[in-house]
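Encoded as structure tokens, the structure appears first; notes follow it.
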Amino acid sequence: MQAPPSLKSYRDPDLDRNVVEVTQGGAVYRIPARLGPDGRYEVTKVLSVGGFGVIYEGRDRRLFDKPVLIKAIRYNRRPLRVPNNRAVLKEVEAQRQRFDHERKMLLAGYRRGIGGIPILLDVVQDLGLDLYGPHTDDQGERHDYNLDDQWRSEPYLILSFVTGTPISKVLDQEFFTRNRLGNTKQVILQVGRMLDAFHDEEERQGRRISFIYQDLKPDNIIFTREKQPVLIDFGGFAFRVDGQTQTPFARTGTPGYQPPEFLDGTTVDRLDARADVFSLGMTVYHLLGSVAPRADAQGYSVCDPAILSRFPPPWRAWIEQATRADRHQRFASMKQAIAQAYPLPSKVTP
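FYI, the numbering for the sequence shown is 1 to 350, going by UniProt numbering.
Below is the structure:
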């Protein structure tokens, strides 16, 4: 099991700035200790290091030290080891485009009045110390990264303060096991409503717009201290325009949770909200069984029949319909999946 990230602060004499340094699994990430105009946002703690970002806890010094979350891009570090490698410019730009896509999805969720997601408070630009370096190349030589001065305008997202634990980490905790069915049903209803609100078509400038999350899994849902589910990680959304799906990035599903249409040759434009229905079904399987679904030799997500057989029959039937390989046999929409979840028993009957 990987150790939690550690944090230290120090003064960088070359930059004349206070710096926060995070270490996890041999990797090091750096960020200015204070970000934005007049150092408005101060980093106080590292919360998590994910596939595409590092999330810090901070405070807004202009608003009486109000707690905030600060999200930074996590770059692929290997290309940075090559001095003056201009291919890095394209990678940095691609990462920043994904980051900006996440910003847009957070704003879309706020505009639609969707609860249970972080609120985007601000976007600031400051020094990108992970880009700047120093880096060590394959010969052990140290160098800084100065191409086009990209590192001087690194974007950071400032989010409303939400903290908790990924649901995948609480499945064996007493509060969850005490009422596993009820807690899982709460996830279906609340997370399902969030996704359904993104799925709803909205008329904008004469076009019908909706969104598909694409990468639902327990690691992207946190339980707050109040035991409320909150959806995180908004960088993988696809969007639908007039009934056709578009995505600026590769499909972002996770093996074990992604639907078959991510692998079977279905073109991107034909993807729809039933992809999220499938992933919600696999997430529910994980929550009830406390075992992650697996991918078979071809990469398709599958449930273990032995584990599935342990679930109460109504729950088993719901999961089986949500995760049909043929999307036309699944629940037709997230609304229908939610409606069919209401009658599910919240307690095991003798």
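Beta carbons: idealized from backbone N, C-alpha and C, even for Gly.
Using a Cβ-Cβ distance cut-off of 8 Å, the stretch 120–139 and the stretch 102–111 are in contact, since at least three pairs of beta carbons, one from each stretch, lie closer than that value. Burial is judged here by how many other beta carbons sit within 10 angstroms of a residue's own beta carbon; F331 has at least 16 and is buried. Under DSSP, the beta-bridge partners assigned to R17 are D12. Annotated as distal: H135 and M334, with beta-carbon spacing of 9 Å or more.
For A341, same chain residues with a beta-carbon under 8 Å away, outside a window of 5 residues either side, are K185, I188, L189, G192, W318 in chain order. In the displayed model, R294 falls within a strand according to three-state DSSP.
Fewer than three pairs of CB atoms, one per stretch, sit closer than 8 Å, so the stretch 234–249 makes no contact with the stretch 294–305. Judged by DSSP in its simplified three-state form, D60 adopts strand.
Cβ contact annotation for G50 (same chain, cutoff 6 Å, sequence separation greater than five): none.
By the beta-carbon neighbour count (other beta carbons within 10 angstroms, threshold 16), L157 is buried. Rounded to the nearest angstrom, the gap between the Cα atoms of R59 and T44 is 7 Å.
Cβ-Cβ distances below 8 Å link P4 to Q24 in the same chain, with the five nearest sequence neighbours on each side left out; the list follows chain order. Assignment of F211 by DSSP, reduced to helix, strand and coil, places it in the strand class.
Membership of D126 in the beta strand (DSSP E) is indicated by the continuous run 120–126. In this structure V162 is in contact with T224, their Cβ atoms being roughly 7 Å apart against a cut-off of 8 Å. Annotation for D219: P166, S168 place their beta carbon closer than 6 Å to its own, counting only its chain and skipping 5 residues before and after.
Under the DSSP assignment, F239 falls outside any alpha helix (DSSP H), being part of the beta strand (DSSP E) whose first and last residues are 238–241. The residue among G281, P13, P155, V241 with its C-alpha nearest the C-alpha of E202 is V241.
DSSP places Q139 outside both helix and strand once states are collapsed to three, so it counts as coil. Counting the other CB atoms within 10 Å of its CB gives Q258 a total of 16 or more, which places it among the buried residues. Secondary structure note for Q190: its alpha helix (DSSP H) is the uninterrupted segment 180–199.
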